[in-house]
Amino acid sequence: MTQKVSLTRYLVEQQRVDGLIPAQLRLLLEVVARACKRISFAVNKGELGDVMGAAETQNVQGEVQKKLDIIANEVLIEANEWGGHLAAMASEEMEGIYVVPNRYPQGEYLLLFDPLDGSSNIDVNVSIGTIFSVLKKPDDHPGVQEADFLQAGAKQVAAGYCIYGPQTTLVLTVGDGVAMFTLDREQGSFVLTQENLRIPEDTKEFAINMSNMRHWDAPVKRYIDECLAGKDGPRGKDFNMRWIASMVADVHRILMRGGIFMYPWDKREPEKPGKLRLMYEANPMGWLVEQAGGAATNGKERILDIEPTKLHQRVSVILGSKNEVERATGYHTEK
Ligand code: AHG
Ligand code: MN
Ligand code: MN
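Quick note: the sequence shown, position 23, residue 23 per the numbering used here, numbers continuous.
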């Protein structure tokens with residue numbers, strides 16, 4: 001019988017055999033996974049727990065918070081603040097950074113997260129998730145401040161997400177490809193179920209919120225029009241469409257079978273570069289997708305090369321199967 005590899009064992013081996021992750025980072029990833037397990041149990045309770053519906057608050061982006069947004073945020077903070085592996089955290093649900101209280105030791109890492117991605121799907125029992133990104137705190141000054149978080153995605157040392165769907169699945173990169181772990185509820189642990197995930201370079205499936213079509217910019221409209229034209233159009237093949245409205249679930253499908261995901265800038269709020277957030281949505285997802293052989297851009301440049309100026313900065317996102325992302329990006333950059 002082949003032995004199952006737990007997340008713990010996988011991380012120990014990444015540390016010991018490959019020297020890829022220091023002990024503090026290994027602890028960090030274990031703690032994040034443990035928090036995701038707790039969030040998964042809360043999600044599963046649904047109406048049986050006090051987790052459904054809206055809270056009476058708004059986050060810094062002016063969005064009404066769901067109870068689960070707040071619960072997931074608290075679970076991640078409580079799990080991570082005492083271990084000595086972090087200096088500070090930042091979250092979609094908190095305006096400023098959360099510095100580890102000085103009753104605990106301060107670690108070398110910074111953790112950013114979208115505690116609950118796909119909030120509009122919570123109450124309708126559709127897949128949602130948690131997205132996270134890990135950076136190293138710059139060591140040229142004592143203490144920690146918000147500016148320490150403003151590093152390009154290329155500087156991430158770990159990134160991943162946990163999807164709460166028919167299965168609870170953790171997908172992770174530490175810069176050596178992408179690995180997937182499935183939560184074994186009887187054992188209470190994540191078990192390695194796939195290594196070296198690869199996104200096919202070509203695809204016949206796109207994901208975009210079509211209801212915004214009239215607000216799109218010309219290159220996005222051109223790309224989608226050509227997909228819609230199918231066999232008889234310039235692409236010479238029929239395309240299928242999916243839109244789950246949880247980035248986690250749309251990206252997970254793309255990691256499993258390919259596809260292109262777009263949440264472009266549009267004319268609804270022209271002053272915003274896009275809807276999705278760079279630091280805890282686009283950067284971690286962009287790195288995972290690249291690590292699986294795909295690509296991620298904002299239409300002009302690689303997502304991971306963008307130098308952030310604000311913690312909650314937004315960005316236009318095109319990611320997934322390499323050849324399609326390059327085509328859609330090319331439509332934006334050509335004269
Ligand atoms: P969040 O729930 O963290 O605010 O993120 C929701 C995001 C993303 O997950 C998804 O791709 C997108 O919003 C869906 O937006 P629309 O409802 O505009 O399609
Ligand atoms: Mn989100
Ligand atoms: Mn969220």
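Don't be surprised by glycine CBs; every beta carbon is placed ideally from N, CA and C.
This structure is a prediction, so every number in the text was calculated from the model and none was measured.
> So residue 40 is in the alpha helix (DSSP H); what residue range does that whole segment cover?
Replying inline: Residue 40 sits at position 40 when you count from the first residue of the sequence shown. Note, residue 40: alpha helix (DSSP H), 23 to 45.
> Residue ranges of each beta strand (DSSP E) run of no fewer than 3 residues wholly in the stretch 249 to 302, ordered along the chain?
Replying inline: 260 to 263 and 295 to 297
> Hey, would you say the C-beta of residue 281 is under 7 angstroms away from at least one heavy atom of ligand 4?
Replying inline: This structure lacks ligand 4; the ligands present are ligand 1, ligand 2 and ligand 3.
>> Can you confirm whether the stretch 198 to 209 touches the stretch 252 to 268 when touching is taken to mean that 3 or more C-beta pairs between the two stretches lie within less than 8 angstroms?
In response: Enough Cβ pairs lie closer than 8 angstroms, so yes.
>> I need the straight-line Cα distance from residue 286 to residue 142, nearest angstrom please.
In response: Position 286 of the sequence shown, counting from 1, holds the residue named residue 286. Position 142 of the sequence shown, counting from 1, holds the residue named residue 142. Taking the straight line from one Cα to the other gives about 30 angstroms.
> At a cut-off of 7 angstroms, is residue 133 close to ligand 3 when judged by its beta-carbon and the heavy atoms of the ligand?
Replying inline: Taking the sequence shown and counting its residues from 1, the one referred to as residue 133 is at position 133. No, ligand 3 has no heavy atom inside 7 angstroms of this Cβ.
> Hey, residue 128 and residue 114: beta-carbon distance below 8 angstroms or not?
Replying inline: As a first step, residue 128 must be located in the sequence shown, where it is residue number 128. As a first step, residue 114 must be located in the sequence shown, where it is residue number 114. No. Outside cutoff.
> Quick one: is the Cβ of residue 91 within less than 7 angstroms of any heavy atom of ligand 1?
Replying inline: Position 91 of the sequence shown, counting from 1, holds the residue named residue 91. Not so, every heavy atom of ligand 1 lies at least 7 angstroms from the Cβ.
> Helix, strand or coil: which one does DSSP assign to residue 309?
Replying inline: Taking the first residue of the sequence shown as position 1, residue 309 is located at position 309. The answer is coil: DSSP assigns residue 309 none of H, G, I, E or B.
>> Please report the distance separating the alpha-carbon of residue 100 from that of residue 27.
In response: Here residue 100 is taken as the residue at index 100 of the sequence shown, counted from 1. Here residue 27 is taken as the residue at index 27 of the sequence shown, counted from 1. One C-alpha to the other measures close to 16 angstroms.
>> Can you list, in chain order, the residues of its chain with a C-beta nearer than 7 angstroms to that of residue 193? Leave out the 5 residues immediately preceding and following it.
In response: Taking the sequence shown and counting its residues from 1, one reaches residue 193 at position 193. For residue 193, same chain residues with a beta-carbon under 7 angstroms away, outside a window of 5 residues either side, are 180, 181 and 182 in chain order.
> I think residue 79 touches residue 31, with their Cβ atoms under 8 angstroms apart; what is that distance to the nearest whole Å?
Replying inline: As a working note, residue 79 is residue 79 in the sequence shown. As a working note, residue 31 is residue 31 in the sequence shown. About 5 angstroms; that satisfies the 8 angstroms criterion.
>> Run through the DSSP bridge pairs and tell me what residue 192 is partnered with.
In response: In the sequence shown, counting from the first residue as 1, residue 192 sits at position 192. Looking at the DSSP assignment, residue 192 forms a beta bridge with 181.
> What do you reckon, is the C-beta of residue 47 under 7 angstroms from a heavy atom of ligand 1?
Replying inline: The sequence position of residue 47 within the sequence shown is 47, counting from 1. No, Cβ of residue 47 sits at least 7 angstroms from all heavy atoms of ligand 1.
> Hey, how far is the Cα of residue 238 from the Cα of residue 221?
Replying inline: Locating residue 238 in the sequence shown gives position 238, counting from the first residue. Locating residue 221 in the sequence shown gives position 221, counting from the first residue. Roughly 17 angstroms separates the two Cα atoms.
> Who are the near neighbours of residue 226 in its chain, counting only those whose CB is closer than 6 angstroms to its CB and skipping five residues on each side?
Replying inline: What you label residue 226 is simply residue 226 of the sequence shown in a count that begins at 1. Within the same chain, residue 226 has close Cβ partners 233, 234 and 235.
> What's the C-alpha gap between residue 135 and residue 51?
Replying inline: For the purposes of this step, residue 135 is taken as residue 135 along the sequence shown, with counting starting at 1. For the purposes of this step, residue 51 is taken as residue 51 along the sequence shown, with counting starting at 1. Roughly 30 angstroms separates the two Cα atoms.
> Bridge partners of residue 136, per DSSP?
Replying inline: Along the sequence shown, read from residue 1 onward, the residue named residue 136 stands at position 136. Answer is 109.
> Nearest to residue 325 by CA position, among 300, 296, 95 and 307, is which residue?
Replying inline: Position 325 of the sequence shown, counted from the start, is the residue given in the question as residue 325. Selected option, being the one with the closest Cα: 296.
> What number of angstroms, rounded off, separates the C-alpha of residue 86 from the C-alpha of residue 25?
Replying inline: By one-based count along the sequence shown, residue 86 stands at place 86. By one-based count along the sequence shown, residue 25 stands at place 25. Each residue's Cα considered, the two are about 9 angstroms apart.
>> Can you tell me which residues form a DSSP beta bridge with residue 241?
In response: Reading the sequence shown from its first residue, position 241 is the one you call residue 241. Residue 241 pairs with 206.
> beta strand (DSSP E) containing residue 13: first to last residue?
Replying inline: Counting from 1 along the sequence shown, the entry for residue 13 is found at position 13. It is not in any beta strand (DSSP E) - residue 13 instead sits in the alpha helix (DSSP H) that spans 7 to 16.
>> So, at 8 angstroms on beta carbons, what are the nonlocal neighbours of residue 155 in its own chain, with the 5 sequence-adjacent residues on each side left out?
In response: Counting from 1 along the sequence shown, the entry for residue 155 is found at position 155. Same-chain partners within the cutoff: 135 and 136.
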